[in-house]
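**Student:** One structure is given below, represented as structure tokens, and several questions about it will come after.
2 protein chains.
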Amino acid sequence: MHDDVVASFVDGMGAASASSGILSQQQGRIFALLFLTDGPLSLDEIAAALDQSKSNVSIHVRVLVDWHLVKRRSVPGSRRDHYEAATDFFRAFQEIFERRFRWTVRQVLDVVGETQRAVDETSSGQDARFGRERLAALGNFFGMIDAGIGAFVRGEPFPAQKLAAVIPLASRRTRR
Amino acid sequence: MHDDVVASFVDGMGAASASSGILSQQQGRIFALLFLTDGPLSLDEIAAALDQSKSNVSIHVRVLVDWHLVKRRSVPGSRRDHYEAATDFFRAFQEIFERRFRWTVRQVLDVVGETQRAVDETSSGQDARFGRERLAALGNFFGMIDAGIGAFVRGEPFPAQKLAAVIPLASRRTRR
DNA sequence: CAGAACGTTGAAAATATTCTAAACGTTCTG
DNA sequence: CAGAACGTTTAGAATATTTTCAACGTTCTG
Chain A
817 MHDDVVASFV
827 DGMGAASASS
837 GILSQQQGRI
847 FALLFLTDGP
857 LSLDEIAAAL
867 DQSKSNVSIH
877 VRVLVDWHLV
887 KRRSVPGSRR
897 DHYEAATDFF
907 RAFQEIFERR
917 FRWTVRQVLD
927 VVGETQRAVD
937 ETSSGQDARF
947 GRERLAALGN
957 FFGMIDAGIG
967 AFVRGEPFPA
977 QKLAAVIPLA
987 SRRTRR
Chain B
817 MHDDVVASFV
827 DGMGAASASS
837 GILSQQQGRI
847 FALLFLTDGP
857 LSLDEIAAAL
867 DQSKSNVSIH
877 VRVLVDWHLV
887 KRRSVPGSRR
897 DHYEAATDFF
907 RAFQEIFERR
917 FRWTVRQVLD
927 VVGETQRAVD
937 ETSSGQDARF
947 GRERLAALGN
957 FFGMIDAGIG
967 AFVRGEPFPA
977 QKLAAVIPLA
987 SRRTRR
């Protein structure tokens, strides 16, 4: 497979990764290189192929390993760490959904919960009704998202309709 | 509803947004403020509440409107633009999936397609077999993702199992 | 029609992120 | 055990992103 074909794949995947919000451009490029290479590559080989410093490649490779997108392999006869692309994309996607998206969703749920508690402490009865309704709606929606991600990670169908059904809420009242 | 309760919700949602990969911290803060405010706010009111310059708020609000997370409302008796939070989160999520995630997925599919074409032109028969297999596997997987997003956007259940089934592979052969 | 009230734009400042090169600590080799 | 071969860390340089302030163009008001 010709070098410039690989190079253009590498850069294309780098661009796609950069706009994904999950991997950086260089992470995408490293993965792409490993993906089209038949056999594991060392840090130095990757660095040379991608024109990057070894230290930088070291850092990015670690992220890829952490997402289960790349596997570290020991190569007999060499002291260097070698890496190859993982082929179980679904596993990697599970990891990303579970650890990245779900973590963000949980952050929202935490904030909502804390705010609800704060509202209960500082204002009584009617005066914060609007806020309470909105917080409840937000919590419900993200609760469904959380459940949806959970279902996806376990390989179950994602119940999109439920999501659509949850929301319409907390109507606006005029003020001033 | 007390100001410091709102402030802490605003900052919490800002933090969650910053780690989402979709909205920036300020975008999250603006949305949070509007979400807990009963009635529309002007650019100046938002800027004052969040301690941001009006020009910056103008830019971020535009993004939120673009994602259908915030609606522009004309308020009788005022020349200013006013904004309020949208409550149909599902609509916003559809927008995000369709325009952001799907766009990234399509980028990958394009790169794969172009690379496949390049391989066919530059190398014949066996010598690029490994690369061809891998490209095909990647294309299949992302094709499924694309279909899955399409299903989600249309409100249909997301077929996670199909995803899990597609992949295993393009096995590795030793080299050197 | 003059001036004020807007939202937006563009250039520069502030800040955050990414990358490199050198230093370091460890593990292997002879 | 001395030195080479590694991967990682760190401090600073290079780049990108975010934010502000001032200028601008338009729309309303008197």
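Sequence lines, in order, name chains A and B.
Going by the numbering used here, the first residue of the first sequence is number 817, and it counts up by one from there.
Going by the numbering used here, the first residue of the second sequence is number 817, and it counts up by one from there.
Where is the CB? At the ideal position from N, CA and C, for every residue including glycine.
#1: When Cβ atoms are compared, which residues of the segment 849-863 of chain B fall closer than 8 angstroms to chain A?
#2: Using a C-beta cutoff of 8 angstroms, does Gly828 of chain A count as contacting chain B?
#3: Given a threshold of 16 other Cβ atoms within 10 Å of its Cβ, counted over all protein chains shown, does Ser869 of chain A qualify as buried or as exposed?
#4: On a CA-only basis, which of A:Ala834, A:Val826, A:Val821, A:Val935 is nearest Phe917 of chain B? Give me that one, please.
#5: From which residue to which residue does the alpha helix (DSSP H) around Ser871 of chain A run?
#6: Pull up the distance between the alpha-carbon of Leu885 of chain A and that of Leu859 of chain A, whole angstroms please.
#7: Going by CA-CA distance only, name the one from A:Ala901, A:Ala831, A:Glu861, A:Phe946 that's closest to Trp919 of chain B.
#8: For Ala865 of chain A, would you say it is in contact with chain B, using Cβ-to-Cβ distances shorter than 8 angstroms as the test?
#9: Should Glu930 of chain A be flagged as near chain B, meaning a C-beta pair shorter than 8 angstroms?
#10: Just reading off the alpha helix (DSSP H) that Asp814 of chain B is part of, what are its end residues?
#11: Helix or strand or just coil, what does DSSP make of Glu972 of chain A?
#12: With a threshold of 8 angstroms between beta-carbons, can Arg991 of chain A be considered close to chain B, or not?
#13: Can you pull the DSSP bridge partners for Val928 of chain B?
#14: Alpha carbon to alpha carbon, what distance is there between Phe913 of chain A and Lys927 of chain B?
#15: Suppose you measure from the CA of Asp943 of chain A to the CA of Gly964 of chain B; what does that come to, to the nearest Å?
#16: For a test of the three-state rule: what should DSSP assign to Leu857 of chain A, helix, strand or coil?
#17: Shortest alpha-carbon distance to Gly971 of chain B belongs to which of A:Leu979, A:Arg970, A:Gly971?
#18: Counting only beta-carbon separations shorter than 8 angstroms, does Val881 of chain B have a partner in chain A?
#19: What do you reckon, are the CB atoms on Thr938 of chain B and Leu951 of chain B nearer than 8 angstroms?
#20: Out of B:Pro973, B:Thr903, B:Ala934, B:Val935, point me to the one whose CA is closest to Phe851 of chain B's CA.
#21: Can you find a CB in chain B that lies within less than 8 angstroms of the CB of His818 of chain A?
#22: Give me the Cα-Cα distance between Met829 of chain A and Gly959 of chain B, rounded to the nearest whole angstrom.
#23: Check whether the Cβ atoms of Val881 of chain A and Arg888 of chain A sit closer than 8 angstroms, and answer yes or no.
#24: Could you compute how far the alpha carbon of Ser890 of chain A sits from the alpha carbon of Val877 of chain B?
#25: With 8 angstroms as the threshold, decide whether the Cβ of Glu914 of chain A is near any Cβ in chain B.
#26: Quick one: what's got a C-beta closer than 7 angstroms to Ala976 of chain A's C-beta in the same chain, skipping five residues either side?
#27: Could you pull out every residue in the same chain whose Cβ sits closer than 7 angstroms to the Cβ of Ser824 of chain A, ignoring the five residues on either side in sequence?
#28: Quick one: residues in its chain with C-beta nearer than 6 angstroms to the C-beta of Val826 of chain B, no 5 flanking neighbours on either side, listed in chain order?
#29: Rounded to a whole number of angstroms, what is the C-alpha to C-alpha distance between Ala953 of chain B and Ala934 of chain B?
#30: On the criterion of 16 or more Cβ atoms from any shown chain inside 10 Å, does Gly929 of chain B qualify as buried, or is it exposed?
#31: Check the C-beta distance from Phe968 of chain B over to Phe905 of chain A and give it rounded, since I have them as a contact under 8 angstroms.
#32: Leaving aside the five residues before and after Leu866 of chain A along the sequence, list all residues of the same chain whose C-beta is less than 6 angstroms from its C-beta, in chain order.
#33: Out of A:Ala908, A:Ala863, A:Trp883, which one is the CA nearest neighbour of His898 of chain A?
#34: Cα separation between Gln841 of chain A and Phe974 of chain B?
#35: Keeping to the same chain, check which residues put their C-beta closer than 6 angstroms to that of His818 of chain B; ignore five residues upstream and five downstream.
#36: With 16 as the cutoff for other CB atoms within 10 Å, does Ser836 of chain A come out buried or exposed?
**Tutor:** In brief:
#1: For the segment 849-863 of chain B, which is checked against every Cβ of chain A, the residues closer than 8 angstroms are Phe851, Leu852, Asp854, Gly855.
#2: If you number the first sequence from 1, residue 828 of chain A lands on position 12. Yes, contact with chain B.
#3: The residue labelled residue 869 of chain A in the question sits at position 53 within the first sequence. Per the 10 Å Cβ criterion, exposed.
#4: For this step, residue 917 of chain B is matched to residue 101 along the second sequence. For Phe917 of chain B, the closest alpha carbon among the candidates A:Ala834, A:Val826, A:Val821, A:Val935 is that of A:Ala834.
#5: Taking the first sequence and counting its residues from 1, one reaches residue 871 of chain A at position 55. Segment 870-882, the alpha helix (DSSP H) holding Ser871 of chain A.
#6: Locating residue 885 of chain A in the first sequence gives position 69, counting from the first residue. Locating residue 859 of chain A in the first sequence gives position 43, counting from the first residue. Spanning the two alpha carbons is a distance of roughly 16 angstroms.
#7: Residue mapping note: residue 919 of chain B aligns to position 103 of the second sequence, counting from 1. Checked all of A:Ala901, A:Ala831, A:Glu861, A:Phe946; the closest Cα to Trp919 of chain B is A:Ala831.
#8: Here residue 865 of chain A refers to the residue found at position 49 of the first sequence. Interface flag for Ala865 of chain A against chain B is unset, since no Cβ pair is found closer than 8 angstroms.
#9: Indexing the first sequence from 1 puts residue 930 of chain A at position 114. Taking Cβ atoms only, chain B reaches closer than 8 angstroms to Glu930 of chain A, which makes this a yes.
#10: Only positions 817 to 992 of chain B appear in this structure, which leaves residue 814 of chain B out of reach.
#11: Numbered from 1 along the first sequence, position 156 holds the residue referred to as residue 972 of chain A. In the three-state scheme derived from DSSP, where H, G and I count as helix and E and B as strand, Glu972 of chain A is classed as coil.
#12: Here residue 991 of chain A refers to the residue found at position 175 when the first sequence is read from its first residue. A caution first: Arg991 of chain A carries a pLDDT of 42, below 50, which makes its placement in the model unreliable, though a value can still be read off. Between Arg991 of chain A and chain B, the shortest Cβ-Cβ separation is below 8 angstroms.
#13: Taking the second sequence and counting its residues from 1, one reaches residue 928 of chain B at position 112. None, per the DSSP bridge assignment.
#14: The sequence position of residue 927 of chain B within the second sequence is 111, counting from 1. The sequence position of residue 913 of chain A within the first sequence is 97, counting from 1. In the sequence under discussion, the amino acid at residue 927 of chain B is Val, which differs from the Lys named in the question. One C-alpha to the other measures close to 24 angstroms.
#15: Within the first sequence, numbered from 1, the residue matching residue 943 of chain A stands at position 127. Within the second sequence, numbered from 1, the residue matching residue 964 of chain B stands at position 148. About 44 angstroms.
#16: What you label residue 857 of chain A is simply residue 41 of the first sequence in a count that begins at 1. Taken through DSSP and simplified to helix, strand or coil, Leu857 of chain A comes out as strand.
#17: Translated into the one-based positions of the second sequence, residue 971 of chain B becomes position 155. Residue A:Leu979 is the option with its Cα nearest to Gly971 of chain B.
#18: Numbered from 1 along the second sequence, position 65 holds the residue referred to as residue 881 of chain B. For Val881 of chain B, the nearest beta carbon of chain A is not closer than 8 angstroms to its own beta carbon.
#19: Along the second sequence, one-based indexing puts residue 938 of chain B at 122. Along the second sequence, one-based indexing puts residue 951 of chain B at 135. For Thr938 of chain B and Leu951 of chain B, no; Cβs fall outside 8 angstroms.
#20: Mapped onto the second sequence, residue 851 of chain B falls at position 35. Cα-wise, what sits closest to Phe851 of chain B is B:Thr903.
#21: Numbered from 1 along the first sequence, position 2 holds the residue referred to as residue 818 of chain A. For His818 of chain A, the answer is yes, since a Cβ of chain B falls inside 8 angstroms of its Cβ.
#22: Stepping through the first sequence from its first residue, residue 829 of chain A is reached at position 13. Stepping through the second sequence from its first residue, residue 959 of chain B is reached at position 143. In a straight line, the C-alpha of Met829 of chain A is about 15 angstroms away from that of Gly959 of chain B.
#23: In the first sequence, counting from the first residue as 1, residue 881 of chain A sits at position 65. In the first sequence, counting from the first residue as 1, residue 888 of chain A sits at position 72. The beta carbons of Val881 of chain A and Arg888 of chain A sit closer together than 8 angstroms.
#24: Locating residue 890 of chain A in the first sequence gives position 74, where the first residue counts as 1. Locating residue 877 of chain B in the second sequence gives position 61, where the first residue counts as 1. When rounded, the distance between both Cα atoms is 51 angstroms.
#25: Along the first sequence, read from residue 1 onward, the residue named residue 914 of chain A stands at position 98. Look at Glu914 of chain A: its C-beta is not under 8 angstroms from any C-beta on chain B.
#26: The residue given as residue 976 of chain A occupies position 160 in the first sequence. For Ala976 of chain A, where only same-chain residues beyond five positions count, there are no Cβ hits under 7 angstroms.
#27: Translated into positions along the first sequence, residue 824 of chain A becomes position 8. Cβ neighbours of Ser824 of chain A beyond the five flanking positions: none.
#28: Here residue 826 of chain B corresponds to residue number 10 of the second sequence, with the count starting at 1. For Val826 of chain B, where only same-chain residues beyond five positions count, the Cβ hits under 6 angstroms are Arg845, Ala848, Leu849.
#29: For this step, residue 953 of chain B is matched to residue 137 along the second sequence. For this step, residue 934 of chain B is matched to residue 118 along the second sequence. Taking C-alpha positions only, Ala953 of chain B is separated from Ala934 of chain B by approximately 17 angstroms.
#30: Indexing the second sequence from 1 puts residue 929 of chain B at position 113. So Gly929 of chain B counts as exposed.
#31: By 1-based counting over the second sequence, the position of residue 968 of chain B is 152. By 1-based counting over the first sequence, the position of residue 905 of chain A is 89. Going by Cβ atoms, the distance from Phe968 of chain B to Phe905 of chain A rounds to 18 angstroms, so no, they are not a contact pair.
#32: Position 50 of the first sequence, counted from the first residue, corresponds to residue 866 of chain A. Excluding residues within five positions, the ones whose Cβ falls inside 6 angstroms are Arg845.
#33: The count along the first sequence starts at 1 and reaches residue 898 of chain A at position 82. For His898 of chain A, the closest C-alpha among the options A:Ala908, A:Ala863, A:Trp883 is that of A:Ala863.
#34: Sequence index remark: in the first sequence, residue 841 of chain A carries index 25 (1-based). Sequence index remark: in the second sequence, residue 974 of chain B carries index 158 (1-based). Spanning the two alpha carbons is a distance of roughly 28 angstroms.
#35: Residue numbering aside, residue 818 of chain B sits at position 2 when the second sequence is read from its first letter. Setting aside the 5 residues that flank it on each side, His818 of chain B has no residue in the same chain whose C-beta is closer than 6 angstroms to its C-beta.
#36: By one-based count along the first sequence, residue 836 of chain A stands at place 20. Here Ser836 of chain A is buried: its Cβ has 16 or more other Cβ atoms, across all protein chains shown, within 10 Å.
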